[in-house]
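Protein sequences appear in the order of chains A and B. The opening residue of the first sequence carries number 1 in my numbering; numbering runs sequentially from there. The opening residue of the second sequence carries number 302 in my numbering; numbering runs sequentially from there. The beta carbon of each residue, even a glycine, is placed where N, CA and C say it ideally should be.
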Amino acid sequence: MTARDPLVAAAPPLKSGREPAPGMVEKRGRSLWLSHAVMILGVLIVFFPIWLAFVASTVTQSEIIRPPMPVWPGDQFFINYKNALFSGVNVPVATMLMNSLIMAIGIAVGKIIISLLSAFAIVYFRFPGKTIFFWLIFLTLMLPVEVRIVPTYEVVAGFGMLNSYSGLIFPLIASATATFLFRQFFMTIPDELAEAARVDGAGPMRFFWDILVPMSRTNVAALFVILFIYGWNQYLWPLLITTDPEMNTIVMGLKQMFPSGDDFAHWPTIMATSILAMIPPVIVVISMQKLFIRGLVDSEK
Amino acid sequence: MATVELDNIKKRFGGTQVIHGVSTAIEDGEFIVIVGPSGCGKSTLLRMVAGLESVSEGEVRIDGERVNEREPMARDIAMVFQNYALYPHMSVRQNMGYGLKIAGLPKSEIAAKVDEAAALLQLEPYLDRRPRELSGGQRQRVAMGRAIVREPKVFLFDEPLSNLDAKLRVQMRLEIRDLQNRLGITALYVTHDQVEAMTMADRMIVMNAGRAEQIGTPLEVYERPQTLFAAQFIGSPSMNVLDATMQDGVLHLGGATMPAPTTATGKVTVGLRPEHAIADPEGPLSLTVQMGEPLGANTLLHGRIGDGSEAFTISLPGVHHATAGERIAFRVLPENLHFFDPETGARID
Numbered sequence: 001m002t003a004r005d006p007l008v009a010a011a012p013p014l015k016s017g018r019e020p021a022p023g024m025v026e027k028r029g030r031s032l033w034l035s036h037a038v039m040i041l042g043v044l045i046v047f048f049p050i051w052l053a054f055v056a057s058t059v060t061q062s063e064i065i066r067p068p069m070p071v072w073p074g075d076q077f078f079i080n081y082k083n084a085l086f087s088g089v090n091v092p093v094a095t096m097l098m099n100s101l102i103m104a105i106g107i108a109v110g111k112i113i114i115s116l117l118s119a120f121a122i123v124y125f126r127f128p129g130k131t132i133f134f135w136l137i138f139l140t141l142m143l144p145v146e147v148r149i150v151p152t153y154e155v156v157a158g159f160g161m162l163n164s165y166s167g168l169i170f171p172l173i174a175s176a177t178a179t180f181l182f183r184q185f186f187m188t189i190p191d192e193l194a195e196a197a198r199v200d201g202a203g204p205m206r207f208f209w210d211i212l213v214p215m216s217r218t219n220v221a222a223l224f225v226i227l228f229i230y231g232w233n234q235y236l237w238p239l240l241i242t243t244d245p246e247m248n249t250i251v252m253g254l255k256q257m258f259p260s261g262d263d264f265a266h267w268p269t270i271m272a273t274s275i276l277a278m279i280p281p282v283i284v285v286i287s288m289q290k291l292f293i294r295g296l297v298d299s300e301k
Numbered sequence: 302m303a304t305v306e307l308d309n310i311k312k313r314f315g316g317t318q319v320i321h322g323v324s325t326a327i328e329d330g331e332f333i334v335i336v337g338p339s340g341c342g343k344s345t346l347l348r349m350v351a352g353l354e355s356v357s358e359g360e361v362r363i364d365g366e367r368v369n370e371r372e373p374m375a376r377d378i379a380m381v382f383q384n385y386a387l388y389p390h391m392s393v394r395q396n397m398g399y400g401l402k403i404a405g406l407p408k409s410e411i412a413a414k415v416d417e418a419a420a421l422l423q424l425e426p427y428l429d430r431r432p433r434e435l436s437g438g439q440r441q442r443v444a445m446g447r448a449i450v451r452e453p454k455v456f457l458f459d460e461p462l463s464n465l466d467a468k469l470r471v472q473m474r475l476e477i478r479d480l481q482n483r484l485g486i487t488a489l490y491v492t493h494d495q496v497e498a499m500t501m502a503d504r505m506i507v508m509n510a511g512r513a514e515q516i517g518t519p520l521e522v523y524e525r526p527q528t529l530f531a532a533q534f535i536g537s538p539s540m541n542v543l544d545a546t547m548q549d550g551v552l553h554l555g556g557a558t559m560p561a562p563t564t565a566t567g568k569v570t571v572g573l574r575p576e577h578a579i580a581d582p583e584g585p586l587s588l589t590v591q592m593g594e595p596l597g598a599n600t601l602l603h604g605r606i607g608d609g610s611e612a613f614t615i616s617l618p619g620v621h622h623a624t625a626g627e628r629i630a631f632r633v634l635p636e637n638l639h640f641f642d643p644e645t646g647a648r649i650d
């Protein structure tokens with residue numbers, strides 16, 4: 001009698017505590033390996049350029065330029081990163097990181113506050129032109145930043161906000177997407193909750209702070225991740241309104257490190273900067289992901 | 302503790318009028334049940350008392366004071382919602398104490414009141430849980446607790462038991478009634494369930510299409526329904542209604558004649574409760590059985606009356622093994638006949 005015997009295969013697994021039924025292992029095992037192989041391959045393909053960037057940030061300039069390109073890290077890690085962080089090409093990377101951080105957090109927090117408030121107004125208040133306002137907000141969804149960049153530049157310049165954090169943050173702070181998302185979420189909250197709060201004597205803002213905001217925290221966490229990365233990756237707008245290198249953000253700064261004309265590029269520093277530029281979004285994603293999942297597990301109902 | 306007066310309350314949503322003038326005076330400590338089919342305006346009426354809905358016309362008075370323009374909080378009422386409306390992110394303790402916290406009471410006082418209410422409702426083991434960790438009955442109790450800690454003048458209940466299973470509903474019915482009795486707080490209770498109305502109410506308001514069809518004690522409504530609607534809505538199984546004629550003090554009904562004590566003449570609508578049929582081989586009326594429903598204590602027999610085609614139900618005590626097609630003769634005491642105007646549905650004595 002072999003394991004292939006149909007009677008044995010069909011019999012209930014006697015030793016099920018220790019090993020699963022024969023046929024099962026084979027089938028599950030195969031698909032398990034296959035799916036893992038595909039996923040590992042995918043990760044390798046995505047990760048390879050990042051690995052090359054990391055390798056390039058740990059070797060000397062001459063090693064990069066001389067083919068073949070190295071694929072294992074060199075010994076210049078500390079030198080290159082110190083050089084990038086504190087001297088950079090045009091301006092120290094630390095300064096650009098700080099600028100990017102302020103801009104990304106400003107945009108994310110600002111967008112969340114504004115969209116929470118506008119969704120609150122749209123869902124819970126009756127006022128003249130409510131529908132029109134909603135559709136106006138909705139309409140801006142269809143207009144990307146690039147479309148309104150010239151008039152926006154005019155306005156920002158008129159306010160004297162060039163080369164300032166407010167100039168970097170405010171024009172990007174309104175968010176139709178987030179407003180729409182919060183509106184949809186608020187509409188799923190039963191009306192009775194608002195009424196119960198009213199009976200309990202909570203005014204509108206009290207209701208907003210005590211009930212709506214805590215109930216939205218999972219959405220806020222998810223949006224913060226998305227919006228932080230959106231803010232961090234802004235390129236065109238900072239490029240337009242910051243002329244002072246001290247106000248450069250990391251993403252545009254990175255591009256400006258590239259040589260123009262016949263200058264030669266200092267690749268190790270540039271690559272170290274790219275790696276550094278990646279770290280804050282990764283930290284945000286990983287840390288907020290935990291909060292986000294905890295929020296989901298804790299979720300209401 | 303307070304009286305509540307509704308003075309010709311009307312409600313219009315845009316052009317459609319949904320409440321057509323309801324008036325009643327509720328005494329201190331009374332338990333009033335507003336009962337009616339869905340869409341009859343009973344919840345709207347309650348919400349107008351609560352202040353969640355504006356009053357188009359008429360006046361709501363609590364303790365003699367006009368409250369039409371006051372916010373719910375300022376009316377000193379507490380409301381229990383159908384889906385409980387507990388704040389999902391707060392613990393039971395926070396849920397119950399939220400109103401007091403807004404009112405600005407010191408923390409120690411809030412804790413004392415919440416503990417007291419929790420003891421009353423046997424909620425002590427659950428005070429630190431979230432609403433989603435509670436069963437339906439427990440959530441219901443928390444919603445009650447939230448109402449109690451406020452020590453309001455008036456309790457308002459909006460179909461609070463409709464999300465519970467049948468057994469729990471019976472238990473909570475008794476609990477709510479008992480609690481209201483002990484606290485002596487005036488209560489308005491909305492339900493579509495006529496059993497709840499019958500068992501809980503001191504007085505009930507039977508509503509239909511935005512009108513109060515009848516306001517009275519459960520037994521008044523049961524024994525002397527003022528309209529055809531009230532007659533059919535209250536009582537289970539519902540009252541049989543037949544077209545009949547009165548001639549010279551004699552009722553012609555389903556092929557039979559019988560003397561009847563009424564001032565009505567000509568065409569009338571006659572109402573007959575199933576439980577008032579008395580099986581009697583000599584009886585003037587008869588039922589051609591189509592289907593029997595043995596309930597144990599009594600048996601419902603559905604069929605046609607006499608040789609007619611009108612559906613009729615009788616309820617006989619004990620177990621009856623009736624087969625389809627069988628004819629059962631019965632009689633009715635004259636005082637158990639109800640007469641209504643066929644045009645207006647109003648009671649005729």
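- Across the structure, Pro-426/B and Met-391/B are spaced so that their CA atoms are roughly 16 Å apart.
- DSSP places Pro-70/A outside both helix and strand once states are collapsed to three, so it counts as coil.
- Any Cβ of chain A closer than 8 Å to the Cβ of Asn-482/B would place that residue at the interface, and such an atom is absent.
- For a Cβ distance threshold of 8 Å, residue set Glu-195, Arg-198, Val-199 of chain A lies close to Leu-353/B, ordered along the chain.
- As summarised for the segment 552 to 613 of chain B, the continuous beta strand (DSSP E) elements at least 3 residues long and confined to that stretch are 557 to 560, 567 to 573, 578 to 580, 586 to 595, 599 to 606, given in chain order.
- For Pro-575/B, same chain residues with a beta-carbon under 6 Å away, outside a window of 5 residues either side, are Pro-538, Thr-614, Ile-615, Ser-616 in chain order.
- Following the DSSP letters along the chain, one finds Glu-514/B inside the beta strand (DSSP E) bounded by residues 512 to 517.
- Judged by DSSP secondary structure, Asn-509/B falls within the beta strand (DSSP E) whose first and last residues are 504 to 509.
- Under the 8 Å criterion on CB atoms, Asn-369/B is classed as non-interfacial with respect to chain A.
- DSSP links Lys-311/B through a beta bridge to His-321/B, Glu-358/B.
- Around Ala-379/B, the beta-carbon contacts reaching into chain A at under 7 Å are Val-199.
- In its own chain, leaving out the 5 sequence neighbours on each side, no residue places its CB closer than 6 Å to the CB of Leu-34/A.
- For Pro-190/A, the nearest beta carbon of chain B is closer than 8 Å to its own beta carbon.
- Short of 8 Å from the beta carbon of Val-496/B, and not among the five residues preceding or following it, lie these beta carbons of its own chain, in chain order: Ser-537.
- Met-547/B is bridged by DSSP to Leu-552/B, Gly-567/B.
- In this structure Ile-327/B is in contact with Thr-304/B, their Cβ atoms being roughly 6 Å apart against a cut-off of 8 Å.
- With a cutoff of 8 Å on beta-carbon distance, Ala-53/A and Ile-250/A are scored as not near each other.
- Under DSSP, Leu-638/B shares a beta bridge with Leu-573/B.
- With fewer than three CB-CB distances shorter than 8 Å, the segment 501 to 508 of chain B does not count as touching the segment 349 to 358 of chain B.
- Identification of chain B residues near Ile-211/A by a Cβ-Cβ cut-off of 7 Å yields Tyr-388, ordered along the chain.
- Below the 7 Å Cβ cutoff, chain A contributes Pro-190, Glu-192 as neighbours of Asn-384/B, in chain order.
- At a C-beta separation below 8 Å, Arg-206/A has these neighbours in chain B: Ile-403.
- Beta-bridge analysis with DSSP links Leu-227/A to no other residue.
- Under the DSSP definition of a beta bridge, Ile-615/B partners with Leu-602/B.
- Per DSSP, Val-368/B lies in no alpha helix (DSSP H) segment and is marked neither H nor E.
- Counted as a single uninterrupted DSSP element, the stretch harbouring Ile-411/B is not any beta strand (DSSP E) but the alpha helix (DSSP H) occupying residues 408 to 421.
- For Thr-243/A, DSSP records no beta bridge to any residue.
- Look at Met-187/A here: in three-state DSSP terms it is helix.
- A residue is called buried once 16 or more other Cβ atoms fall within 10 Å of its Cβ, and Lys-343/B is buried on that count.
- Ala-37/A is outside the set of residues whose beta carbon lies under 8 Å from a beta carbon in chain B.
- By the neighbour-count definition (other C-beta atoms within 10 Å, threshold 16), Trp-209/A is an exposed residue.
- His-36/A sits exposed, since fewer than 16 C-beta atoms from the chains shown fall within 10 Å of its C-beta.
- Interface with chain A (8 Å Cβ-Cβ cutoff): Met-374/B is included.
- Unbroken alpha helix (DSSP H) stretches of 4 residues or longer found wholly inside the segment 47 to 94 of chain A: 61 to 65, 77 to 86, given in chain order.
- Annotated three-state conformation of Arg-30/A is helix, per DSSP.
- The beta-carbon separation of Phe-530/B and Ala-488/B, rounded to 24 Å, does not stay under the 8 Å limit for a contact.
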